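Okay, so the first sequence: first residue is 10 according to this note's numbering, each after it adds one.
Yeah, the Cβ is synthetic: ideal placement off N, Cα and C, and Gly gets one too.
Everything numeric in this text was worked out from a predicted model, so none of it was measured.
Read the structure below first, then the notes.
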Amino acid sequence: MLGRAITIHWFRQDLRLSDNPALTKSVSEGKVIPVYILDDENVRNRAMGGASRWWLHHSLDALNKAMGGNLNLYRGNAETILKDIANRHSIKAVYWNRCYEPWRILRDARIKEALKKEGIEAQSFNGSLLWEPWEIKKDDGTPYRVFTPFYRKGCLNASAPRKPLIKPKQLDAVRDESALALDDLNLLPSIRWDKQLEPYWKIGEEPAHDRLYQFLEEGITHYKQGRDFPDKPYVSRLSPHLHFGEISPHQVWHAARTYGDDPNIDHFCSELGWREFSYHLLYRFPELPNNNLQAKFDQFPWRSDKEALKCWQRGQTGYPIVDAGMRELWQTGYMHNRIRMIVGSFLVKNLLIDWRQGERWFWDCLVDADLANNSASWQWVAGCGVDAAPYFRIFNPITQGQKFDPEGKYTRRFVPELSNLPDKYLFCPWEAPKLVLEQAGVILGKTYSEPIVDVSCSRARALESFSRLKENVE
DNA sequence: TAGCTCGTTGGACAA
DNA sequence: TTTGTCCAACGAGCT
């Protein structure tokens, strides 16, 4: 390999400099060409959603600035582009951190093979999971299907997550003249709806760490109970940073662990365990994003109701807690976890609309849209996944609102047309006396929707459909 | 090995 | 008003 002195670090879902195993390896070998490739060609029907593209634009911008403007950007087929760079420079190796989406696993295996054929070393590292999905398995070698034993027996008994690596002291970066400008990636929408997301987020590696430490200082001591209240600052909101790899789960895990050993911290770490579980499921069951894990659900009589789907997407179902959630999603690119369950249950159980419709909408709107987490969670809500919510667990959007947003602050923030309605009727405005509605300036059907389904009738309908499913199998 | 207990997130209803 | 029970069924893990 005489004369070949340069390595490529291929950035993917690891848009950070610290705790980056592949980058550390590259830097240790001398000059590095840092590369990011927007590979839309290999994705097929899973193109990144609009909100994710917006986040990615800003995350690449932040990473590029952190590297003194030396990030090389490309758009197109990753294999072709990597080979092209290798042909124009004396490249001895390409290093990257692994991704686990099925299409990426196949593509990366092909690329590894192709590079090796050209005499270029290709090596991948673990930069985004605490435990590799193939490492955690039951004693008989088959994959876990239930979270608790997966986490307690599989993960916690395996070797502890490695300590985070420090940021390389010096990065001897090489610019490639064929690289594109950030705007050439066309990640921002032509109609600038993304402007409304801006006030809610600070994007990049440094803001991700600020967010983590703010949460550890102010939120984690209330996590176990407080995480259920969407108005409270007791969730980490690290999900988009983790998805794009601006921070690694190892950094989060170890930082949380240094804050002590109490049930709140254990609970927060177990949520990282859920992230691991989703990746484990996606790896073991690559059809997770598209097919019911329980085959009996293939017979389920989902309703096709475009009008109802549209009302749900726009936050016009007439159920204030559902509408608040859907509007939070649209306005901020995010939705609180408790509310995700409520709107998910409403779509799947009250409207009887296929979970995949909900999954796709979330995919397009969430800044933290993540194939593993999103599809595993939707299958959980629908009850068709492994270790899923039982079919009779149907969230009541009225009582859930009263229970988890008792002062109505969250709901009033995103459904301002109801802000003058007293707490008593906030989650069921149709039950308010005429005078109360009048005084609050609410005209049902005009200023705010009438409920698009009756919650108890649709609950009974769902229970019946789900129980028929059981009869069909027997 | 068979039997037993437990399982992230709920709701309705009866007592 | 609050509390207990039931709404299935099965995989995982323990004894």
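* Asked: Just checking, does the region 73 to 85 make contact with the region 104 to 115 on the three C-beta pairs under 8 Å criterion?
  -> Because the criterion of three Cβ pairs below 8 Å is not met, the region 73 to 85 and the region 104 to 115 do not touch.
* Could you work out which residue in Lys121, Thr151, Leu174 is closest to Lys163 when comparing CA atoms only? => Going by the sequence as given, residue 163 is Gly instead of Lys. Distance check between Gly163 and each of Lys121, Thr151, Leu174 places Thr151 closest, using alpha-carbon atoms only.
* Asked: Below 8 Å between beta carbons: does that hold for Leu174 and Pro30?
  -> For the 8 Å CB-CB criterion, Leu174 and Pro30 form a contact.
* Integer-rounded CB distance, given that Leu290 should sit under 8 Å from Leu297 -> Contact holds; Cβ gap of about 6 Å.
* **Anticipated Cβ contact below 8 Å, Arg55 with Leu189, distance rounded** => Approximately 23 Å separates the beta-carbon atoms of Arg55 and Leu189; this is outside 8 Å, ruling out the contact.
* **Heavy atom of the ligand NAD within 7 Å of Ala397 beta-carbon** => For the structure depicted, the ligand NAD is absent and the ligand set is empty, with no information on it obtainable.
* Asked: Which residues mark the beginning and the end of the alpha helix (DSSP H) in which Thr420 is found?
  -> First-last of the alpha helix (DSSP H) with Thr420: 418 to 423.
* How would you write the range of the beta strand (DSSP E) that Ala102 sits in, first residue to last? -> Element bounds for Ala102: 100 to 106.
* **Residue from Trp140, Lys319, Asp307, Trp105 with nearest C-alpha to Ala391** => Measuring C-alpha to C-alpha distances from Ala391 to each of Trp140, Lys319, Asp307, Trp105 identifies Asp307 as the nearest.
* Asked: Looking only at DSSP bridge pairs, what is Leu555 linked to?
  -> Outside the displayed span of the chain (10 to 483) sits residue 555, for which this structure offers no information.
* Please report the residue range of the alpha helix (DSSP H) in which Glu50 lies. => For Glu50, no alpha helix (DSSP H) encloses it, and the DSSP letter there is neither H nor E.
* Where Ala317 and Ala397 are concerned, what is the direct C-alpha to C-alpha distance, given to the nearest angstrom? -> If I take the Cα positions, the gap works out to 25 Å.
* Asked: Under three-state DSSP, which class holds Tyr45?
  -> Here Tyr45 sits in strand by DSSP.
* Hey, how far is the Cα of Phe371 from the Cα of Asn383? -> Each residue's alpha carbon lies about 8 Å from the other.
* Starting from the C-beta of Ile15, find all residues in its chain whose C-beta is less than 8 Å away, skip the five residues before and the five after it, and write them out in chain order. => Closer than 8 Å at Cβ, skipping near neighbours: Gly39, Lys40, Val41, Ile42, His98, Ser99, Ile100, Lys101, Val183.
* To do: Report the option in Glu285, Gln303, Glu227, Asp271 whose CA atom is closest to the CA atom of His252.
  => Out of Glu285, Gln303, Glu227, Asp271, Glu285 has the C-alpha closest to the C-alpha of His252.
* **Beta bridge counterpart(s) of Leu206 as assigned by DSSP** => DSSP lists no partner for Leu206.
* Contacting residues, own chain, Cβ-Cβ under 7 Å from Gln409 (five flanking each side not counted) -> Excluding sequence neighbours, Gln409 sits near Ile330, Ile351.
* Every unbroken beta strand (DSSP E) inside the region 23 to 87 [3 residues or more] -> Complete beta strand (DSSP E) runs here, min 3: 41 to 47, 81 to 84.
* **Supposed close pair Leu91, Leu124 - CB separation, criterion 8 Å** => At roughly 7 Å, the Cβ-Cβ gap stays under 8 Å, so Leu91 and Leu124 are in contact.
* How big is the Cα-Cα spacing for Arg21 and Arg369? -> About 22 Å.
* Which of the three DSSP states, helix, strand or coil, is assigned to Phe404? -> In this structure, Phe404 counts as coil in the three-state DSSP scheme.
* Under the assumption that Trp321 contacts Leu360 (Cβ atoms under 8 Å), give the Cβ distance between them as a whole number of angstroms. => In this structure Trp321 is in contact with Leu360, their Cβ atoms being roughly 7 Å apart against a cut-off of 8 Å.
* Where do the ends of the beta strand (DSSP E) carrying Trp439 lie? -> Following the DSSP letters along the chain, one finds Trp439 in no beta strand (DSSP E), marked with neither H nor E.
* For Pro198, the nearest candidate out of His67, Glu215, Arg312, Phe355 (CA to CA) -> Selected option, being the one with the closest Cα: His67.
* Asked: By Cβ distance, which residues of its chain are closer than 8 Å to Leu11, with the 5 residues on each side in sequence left out?
  -> For Leu11, the pLDDT reaches just 45, beneath the cut-off of 50, and the residue's location in the model is therefore unreliable, although a value from the coordinates is still provided. Same-chain partners within the cutoff: there are none.
* Asked: For Val103, which of Val36, Thr157, Gly417 has the nearest alpha-carbon?
  -> When C-alpha distances from Val103 are compared across Val36, Thr157, Gly417, the shortest belongs to Val36.
* To do: Let me know the secondary structure DSSP gives Leu189 once reduced to three states.
  => If DSSP states are grouped into helix, strand and coil, Leu189 belongs with the strands.
* Leu375 beta carbon less than 8 Å from that of Gly58 -> Cβ atoms of Gly58 and Leu375: closer than 8 Å.
* Keeping to the same chain, check which residues put their C-beta closer than 8 Å to that of Arg116; ignore five residues upstream and five downstream. => Asp48, Asn51, Ala87, Glu88.
* **For Gln132: DSSP bridge partner residues** => Answer is Tyr104, bridged to Gln132.
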